[in-house]
Every structure is written in structure tokens, then in C-alpha cells.
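Contents: one structure, followed by commentary.
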Amino acid sequence: MNFQIPIGPQHPALKEPIGLRITVDGEIIREADLRLGYNHRGIEKLAESKTWIQNIYLMERICGICSHSHTTCYVQGVEKLMEIQAPKRGLYIRTLVAELERIHSHLLWLGVAGHEAGFDSFFMYVWRDREIVMDILEIISGNRVHYAINTIGGVRRDLDELQVKNILDSLSVLRKRSEYYLNLGTTEPSFVARLAGVGYLSKEDALALCAVGPTLRASGVPMDVRKDDPYAVYDEVPFEVCTADTGDVLGRTVVRIKELFQSYNIIEYLLKNLPTGPIAVRAPRRPKSNEVVSRYEAPRGENIHYIKSNGTEKPERLKVRAPTLGNYAATIKMLKNGFIADVPLIFAAIDPCICCAERAVAIVDARTGQEKIVSTSSLKQLKQNVSPNKERKREVVWPL
Amino acid sequence: MATVRTLVYLFIYPGLLFIFIYSTFCEWYDRKLYARLQNRMGPTHTGRGGILQPIADFFKLMSKEDIVPERADKGMFSALPAFGLAIVSTAMLLIPVWNYQLSQPSLISFNGDLIVLLYLLTLPTFIFFLAGWSSTNLFSTIGATRVLTMLFGYEVPLFLAVLSPAILANSWRLAEIAAFYRQRPWLMLVNLLGFVIALISVQAKLERTPFDIPHAETEIVGGTFTEYSGKKLALFRLMLDVELVVASALLATVFLGGFPGGFWLGLLNFIIKTLVVIFILSLIRATTSRIRVDQVVSFSWRYLAPLAVLQLLIVILVKGLIS
Amino acid sequence: MKIGAFIPELLRHLAKKPATVDYPFKKLEVPKGFRGSPYLKPELCIVCRACERDCPAEAIEITSLSEAEKKFRMIIHNDRCVHCAQCVDSCPTGAMLIDTRFEIADYDRHNLKMQWDYIRAVVKPKSEPKSDQAKS
Numbered sequence: 004m005n006f007q008i009p010i011g012p013q014h015p016a017l018k019e020p021i022g023l024r025i026t027v028d029g030e031i032i033r034e035a036d037l038r039l040g041y042n043h044r045g046i047e048k049l050a051e052s053k054t055w056i057q058n059i060y061l062m063e064r065i066c067g068i069c070s071h072s073h074t075t076c077y078v079q080g081v082e083k084l085m086e087i088q089a090p091k092r093g094l095y096i097r098t099l100v101a102e103l104e105r106i107h108s109h110l111l112w113l114g115v116a117g118h119e120a121g122f123d124s125f126f127m128y129v130w131r132d133r134e135i136v137m138d139i140l141e142i143i144s145g146n147r148v149h150y151a152i153n154t155i156g157g158v159r160r161d162l163d164e165l166q167v168k169n170i171l172d173s174l175s176v177l178r179k180r181s182e183y184y185l186n187l188g189t190t191e192p193s194f195v196a197r198l199a200g201v202g203y204l205s206k207e208d209a210l211a212l213c214a215v216g217p218t219l220r221a222s223g224v225p226m227d228v229r230k231d232d233p234y235a236v237y238d239e240v241p242f243e244v245c246t247a248d249t250g251d252v253l254g255r256t257v258v259r260i261k262e263l264f265q266s267y268n269i270i271e272y273l274l275k276n277l278p279t280g281p282i283a284v285r286a287p288r289r290p291k292s293n294e295v296v297s298r299y300e301a302p303r304g305e306n307i308h309y310i311k312s313n314g315t316e317k318p319e320r321l322k323v324r325a326p327t328l329g330n331y332a333a334t335i336k337m338l339k340n341g342f343i344a345d346v347p348l349i350f351a352a353i354d355p356c357i358c359c360a361e362r363a364v365a366i367v368d369a370r371t372g373q374e375k376i377v378s379t380s381s382l383k384q385l386k387q388n389v390s391p392n393k394e395r396k397r398e399v400v401w402p403l
Numbered sequence: 010m011a012t013v014r015t016l017v018y019l020f021i022y023p024g025l026l027f028i029f030i031y032s033t034f035c036e037w038y039d040r041k042l043y044a045r046l047q048n049r050m051g052p053t054h055t056g057r058g059g060i061l062q063p064i065a066d067f068f069k070l071m072s073k074e075d076i077v078p079e080r081a082d083k084g085m086f087s088a089l090p091a092f093g094l095a096i097v098s099t100a101m102l103l104i105p106v107w108n109y110q111l112s113q114p115s116l117i118s119f120n121g122d123l124i125v126l127l128y129l130l131t132l133p134t135f136i137f138f139l140a141g142w143s144s145t146n147l148f149s150t151i152g153a154t155r156v157l158t159m160l161f162g163y164e165v166p167l168f169l170a171v172l173s174p175a176i177l178a179n180s181w182r183l184a185e186i187a188a189f190y191r192q193r194p195w196l197m198l199v200n201l202l203g204f205v206i207a208l209i210s211v212q213a214k215l216e217r218t219p220f221d222i223p224h225a226e227t228e229i230v231g232g233t234f235t236e237y238s239g240k241k242l243a244l245f246r247l248m249l250d251v252e253l254v255v256a257s258a259l260l261a262t263v264f265l266g267g268f269p270g271g272f273w274l275g276l277l278n279f280i281i282k283t284l285v286v287i288f289i290l291s292l293i294r295a296t297t298s299r300i301r302v303d304q305v306v307s308f309s310w311r312y313l314a315p316l317a318v319l320q321l322l323i324v325i326l327v328k329g330l331i332s
Numbered sequence: 011m012k013i014g015a016f017i018p019e020l021l022r023h024l025a026k027k028p029a030t031v032d033y034p035f036k037k038l039e040v041p042k043g044f045r046g047s048p049y050l051k052p053e054l055c056i057v058c059r060a061c062e063r064d065c066p067a068e069a070i071e072i073t074s075l076s077e078a079e080k081k082f083r084m085i086i087h088n089d090r091c092v093h094c095a096q097c098v099d100s101c102p103t104g105a106m107l108i109d110t111r112f113e114i115a116d117y118d119r120h121n122l123k124m125q126w127d128y129i130r131a132v133v134k135p136k137s138e139p140k141s142d143q144a145k146s
């Protein structure tokens, strides 16, 4: 007997509204359908009516968890448009906050994965230890969620010696705890039984369906914007791209925990090699008329902002491609032939940020109302035109 | 005098009033323990250390709006919570706490009451199934099928594990089994494996993590209880609490030597032993993550049932040795 | 695979103090530099309107009360404020400041409004604003 169950738009497993129509045969999923649009906020349109400065804070509010990702991605693009270069110390602090955010996001995800699997003790402990990194962020930036540390041309707050020492101390605690969770998450039998082999995504499928971030890396594809197209100071910082070959939820968990350790290393490197100097440069109020694509490796995957300016105080067009959007197609693939019990886990494993991804996929010309779908090859061409100075480190086979 | 005694037995101790107070206390104990194991505070403000929180929750739910879905089987839907509570409360009366005579069988302690108690503990599972099924909600229906699927898994190991001590004691009467093990305490060790199996099965029967599959909130919302609200939900929650007490009392009777010592000492014994059992159940709840329903069945039949049979074999061998 | 791998950690915490705080009764300190609600030091404001222009939430409103007396009114709509402290960065004279209050919820959004009537100050901008907010 086939019947459809609606997961969402309101469901305890989902923290944000999204519709998942699941056709089940007993406990087994035969078909899955994803419905978006419950949380559309018109951010891209709103951005067109705000100044470049105001837009930083608007971009921050695209997402609560990866708030720094969106501002950095935006600010990098605007800096390119304005032809200014943020000073080294500013970039270091920006990267530092980015990595702290990655830690906080991955710990959050780890806890959520525990909760979705019904492992509430794990959830409680992980989230308790996540408070450490939240406190660091609060001390650095003055707030726990919306750090607002970026500004066009650098960062807004400097670090002092005491804070540096504070962060390093807290990091050693976090490192110990993360080791414990890596050990626990991969040995507790009931937890592993829930994660291993669930939501399998092969390497070919991951590439063909344009998965991004840890979802892609867990399928054995070492793709990371930080390595492939380094921004900020990632070309100076030694780190590794973490991958797993299993392609299941356990692999995604392992990739995320491994990335935590990479982040700890990066932060230690950044703090030990923090250059002196100014943290920001003055930025003009109006950039030249131009367009730019900015890429950023958010905790959830590749984040892309396309910014077009027409020489005024406000952007003409701002397009956000949040990482979650890239993972939706792969999610449908992962859900098929799984169990109902695995829906929350598989869905949570892409670390969905639904309000991030809530925007139209088709490109509509605002003036003529024409809709068109831009092919990946022309987007790639565009990327070559816009940022030719950065060459790709590794030749990646484009799937399409 | 006998009538008064019976009435006291039915309504005050260990009847309804005691069941109500003690089961809410056990819920508080379970919640507090679970919270402290997770480095949280747990219930804090209602009463000393939040001890009255479950009672407050109960009365809050009683005063809430009671909604019956339009397409539900209304009679069944409304009657089930009361039936369930009645069944588990009846089961509570069979626990040999007080007012029974070892030498003389009575209405609440007779030869074969172990079987009746196990039967009464199986009925709540069907109550949950019927509750989910009669709600006609998709999530409830899935929850209901999960209840039954799980039943096939844990019921047989539970019966085998609980019956093997009875075979050793050569009696089907709870009071006699307890008395038998009190006289020969070292024989309790023989049933250690059975105790572990029974703990796991009881955890599954009570639908607590890792077996909280029928009402796994992140998967199927409220599961069997999705459509229940107000008084009916309050009764169901009380029923689960009472079931927790009854099941842990059953394990304490069969495996830990019962509750000797008359009225006061018996009560003390009862409280300590059930709390010990509940402590272990809470620890299991805190240590594990929820497993899938197919994993429950395969786990039960692959590990629990063979181990229970092994326990039975051990018991038979030991019985041959001591007789 | 280790059965009950979590048990030692759980039991270790059984006797420990909870990590959570009994919030409305006990409060945690916010760190120095916490971004609470913005407020104005009217004696320093030169009415350059940089804050009004840069505020992403349009929470700051400066109106002229009397042109002759150079009297102005600033209203900060705290119900709209997103606590980004951009106004503090934008202000060239240091007239905008931010406090560390965080429990500012109210039953009525109009109670959150803060208002100052003042005469325009004549202060030389002390420093360059930290970022790019000066008029270009």
C-alpha cells in the first residue's frame, strides 16, 4: 500500500519550513518531492534598495548560522568592485571568525544529528561544548549569532593579546572534546547503526547532482573553495581538505568532525601569525559600474554571491546561491529507497538552511520579465571573465 | 474489616492514590536523572527540586482543550486512555507489596499471577496500537504499525526472560518466586543474563530510547499520540508512568527478591528496588540513540531471543543440579 | 563498537553541577563590548546624519524641530534596531554609543522608542570614522 506522508512545512524534525512529500510503501520511501517557498523573504529585491553598507547587515540576516559566510562573500565581492584590498590583519581576523563560525556550525550540526537520531544525551553534550565557541565569538564580535565583524575594506573590531590567549585556551578544551565526540560518534553501536549506510550518495551522483560542501566531500570528492579558489588568507594557511569515501551519513559526520580539527589548526596558525597593522581601509561610497562573482566555502558548502553595480550607492542586482540549494537535488536521490526513520537524518545531513536557499532558481529579467535558465558552462565562462586572476589549483572534471 | 482492608488496598495503598503519587514521583525521578546525566537541571521550580512538576503537568493537561478528530473512531478514541489506565492500575494490584499471605492464595496473589501480570502488561501495547489506528492520522497509523512490529520483537524475549526465574523457583506465583530467591540469594546470580534481557525488553515495552520508535518525534511527530490532547493525553501519560512503575516492580519482584518486611519495610524495599530498576532504565535511555524498527526486530531475534533461550537452558541445568 | 561507550561520561556528570544556569533568577554576565541598544550623547551630536543614513534597519530618525534654534530631535526605534552598532562606527564625533542591555523585551513596541531633543553641538570630528562612513 502506497501512501503519501507530508514531512513539513511544520514538523518537529525541521527547524524551518519546507515541504517534503514522501510516498511510502510501509516503512520504505519510494518517491520524494521537495517543495520550497514557505520562507521566501525577498532579500535579493530588498538588497537593491539598500546602500552597500546597509547590505552587509542584510546579508548577515540571510542565515543565522552562517551569518559570517554571507557577509564575507558579499564584502569580498564589493571590495573587488570598489578595487580596494583589505589589510592583512583585517583578513586574518576575518578568516579567524570564519573558522570559528565553521566550528560552531559543525558542532551545531553534530548535535542536531544526535537529536534527529534520538540520541539526546549526545545532543546536549555537544551543544554544551558549543557554548565555548559561541562565547569566543561573543567576546570577539560583541554578539553570539550576528557577529557583524565585516565591513567593506576590512573588519570592525580588533583583537587584543588577552583575547588571543583566551581563544587559544578555549581551543584546547574544544579539541579534547571533539576528539571525544569523534571517538563516541563512531563507536556507540546504536548511533552508528543509525548512521552507517544511510543516505548513500555515490561519487558520480554527487558530482552530477552538484552537491556541495561536506555532502560532496563525504562522497570522496575533495572539492573545497578554500583550496580550489583561495580567498582571504587561505593560500597562506596550511590545511587539508577532509574527505570520506563512504558517501553515507556516517561519512558526512566524520568529514565534519575532521574539519573541526582542521579549523582548530587554522585558528592556531592564524593567531600565532597574526600580523600587525590596520584592520580596515577606507572604502569609497560608490563602486564603479561592474559585476562580480564571489565564492566562499561556508560550513555547509560553496556559497556564491553575484553582485552587479551601476555606479550608484546601491547595488543593481545581488544574487545569492546558498549552499543548501546545491544540495537539494542530491537529497532527493539520497532519500529514495530509504526508511521513513531515516528522513530526518538524511535531510539533516546536508545541514539544510532553508531560509538561506529560499529564492527562485530561474533567472528572471526584472525589466522584460523574461525567464531564462543560465547553463553551467556560461556561468563558468562568466566566472573566468570576472575573476581571471585566481587560477584553479586543481583541474576538476566538470560533470555536465 | 476485610472489606475496609480491600477498599484501602484498592484506593489508597497500593491502589489508585499511591499509584498516582508514586508514578508521578517516578516520572520526576526519571526526568531529573535523565537531565542530570545530560548535565542539565531538569524540573526545578514546582515543589522542592521540581518534584511536583509531573503532577502540575498532569493537571495542566487535564484543563486543556480536548480535541477528537472528526474522522476518528470517536468511541474507541475516547475510551482507550481510560481503559489503558485501568489495565495498568489493575496490573499494579498484582505486585506483591502488601496484604498477601504466602501460604494462602488470594484474589491478588494466586498461582499464575505472573502470567496474568505479563498479559496485563501486553495489553497496553494493543491500547497504543488501537489508539494510533483509531486516530486515522497518517503519523498515528505509522506509529501504530510500528507498535505492533516492535511487539513481535521484544515480547518473546521478555516472556522467556521473566519465566525462567519462575521455572527455577518452581512456582508461577510472584510472591512465592520472590520468597524463593530471598531464601537462596545466590540463585539470583543465575538469572543475571535474564535480568539484562528483561531490562532491554521492558525498555522496549515502555517505548523509551532506544525503542521510542512508535512516537519518534523527529520522524513521525507524536506517533500514536499525535491526535491526543487534553485529558486523554494526560491519562495516557499517567498510564505510561504507571506502566513504568509496574514493569520495574515486576523486574524487582522476579529478579531482585521482591519486597519483604511487612507494611513499612516492604514499602521501603519497594521504593528502593523500583528506583534502582528505573535508574538502570534511565541510564539505558541516556546512553543510546533511537534505532530503526527493522533493527529492533532483527536485534531481538538475533541476540535477545537466543540469549533468553540460553538463560532458560542455564536455569534448567541449575535446577537439575540443585534438586 | 563499544557497548555503552557513553556511560562513564554520563555517570561522571551525575554529581556535577548542571552546565545550564537558572536563567531568570541567575544571570550570566555579558562580555565587554557586547552590542546592546544604541543611545545618544546629545552634547556631541553635530547632526551629520551619518547614522541615520547607514542604519540598515532604518531605526534612527532625525527631525529638525526648529531651524532657527538649530534644534533637533533624534528618535531611536529600538523595536526596529538590529543591534549591529553600525551607527557607533559611523558617528564621527563619538556621540552614538551602545550599552550592554539585552533584556529589552516589552509588551508594547512603542515603549522601546528612545527620544532626545537637543541643540546641535559644535564639535570638530575627533577622528576619522573607523570605516567608510564619512561623506565621499
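Protein chains in written order, with our numbering: chain A, 4 to 403; chain B, 10 to 332; chain C, 11 to 146.
We treat Cβ as the ideally placed atom computed from N, Cα and C, and that holds for glycine.
Since the model is a prediction, treat every value here as computed from it, not as a measurement.
Span separating the alpha-carbon of residue i from that of residue j
i: R294 (chain B); j: W142 (chain B); result: 27 Å
i: T131 (chain B); j: T297 (chain B); result: 24 Å
i: N200 (chain B); j: P174 (chain B); result: 6 Å
i: S108 (chain A); j: M137 (chain A); result: 10 Å
i: T315 (chain A); j: Y234 (chain A); result: 26 Å
i: Q304 (chain B); j: W130 (chain A); result: 28 Å
i: F135 (chain B); j: L157 (chain B); result: 8 Å
i: A89 (chain A); j: A286 (chain A); result: 9 Å
i: V40 (chain C); j: L122 (chain C); result: 21 Å
i: D36 (chain A); j: I343 (chain A); result: 14 Å
i: V240 (chain A); j: Y272 (chain A); result: 7 Å
i: R64 (chain A); j: V346 (chain A); result: 28 Å
i: T154 (chain A); j: N42 (chain A); result: 27 Å
Neighbour flag for residue i against chain A, beta carbons, 7 Å
i: D32 (chain C); result: no
i: P219 (chain B); result: yes
i: K12 (chain C); result: yes
i: A15 (chain C); result: yes
i: R182 (chain B); result: no
First and last residue of the uninterrupted beta strand (DSSP E) at residue i
i: D28 (chain A); result: 22-28
i: H87 (chain C); result: 81-87
i: M124 (chain C); result: 123-129
i: Q7 (chain A); result: 5-10
i: A301 (chain A); result: 293-301
i: L122 (chain B); result: The identity of residue 122 (chain B) in the sequence shown is Asp, whereas the question assumes Leu. Per DSSP, D122 (chain B) belongs to no beta strand (DSSP E); it is in the alpha helix (DSSP H), 122-144.
i: H120 (chain C); result: Run containing H120 (chain C): none; DSSP gives neither H nor E here.
i: T73 (chain C); result: 70-76
Chain-order list of residues whose beta-carbon lies under 6 Å from that of residue i (same chain, five-residue window excluded)
i: P290 (chain A); result: L84, M85, S312
i: A95 (chain C); result: R45, I108
i: G22 (chain A); result: G11, P12, R38
Interface flag, residue i vs chain C, CB-CB below 7 Å
i: L296 (chain B); result: Before going further, note that residue 296 (chain B) is Thr rather than Leu in the sequence given. For T296 (chain B), the answer is yes, since a Cβ of chain C falls inside 7 Å of its Cβ.
i: R45 (chain B); result: yes
Contact with chain B by residue i, beta-carbon distance below 7 Å
i: P66 (chain C); result: no
i: A131 (chain C); result: no
i: P28 (chain C); result: yes
i: E19 (chain A); result: no
i: S173 (chain A); result: no
i: F350 (chain A); result: no
i: L20 (chain C); result: yes
The ligand ADP heavy atom lying under 6 Å from the CB of residue i
i: Y128 (chain C); result: Within the structure as shown, the ligand ADP is missing, as the structure has no ligands at all.
Own chain partners of residue i with C-beta closer than 7 Å, once the 5 adjacent residues on each side are dropped
i: T150 (chain B); result: G141, W142
Against chain C: residues of the segment 38-70 of chain B by CB proximity under 7 Å: Result list: R45, L46, N48, R49, M50, T53.
If the cut-off is 9 Å on Cβ atoms, which residues from the segment 265-297 of chain B count as contacting chain C, listed in chain order? Those would be L292, I293, A295, T296, T297, in chain order.
Listed in chain order, which residues of the segment 19-33 of chain A have Cβ atoms closer than 9 Å to some Cβ of chain B? Hits within the stretch, in order: V27, G29, E30.
Within 9 Å of chain A by C-beta, residues of the segment 229-242 of chain B in sequence order: Going along the segment 229-242 of chain B in chain order, one finds I229, V230, G231 with a Cβ nearer than 9 Å to chain A.
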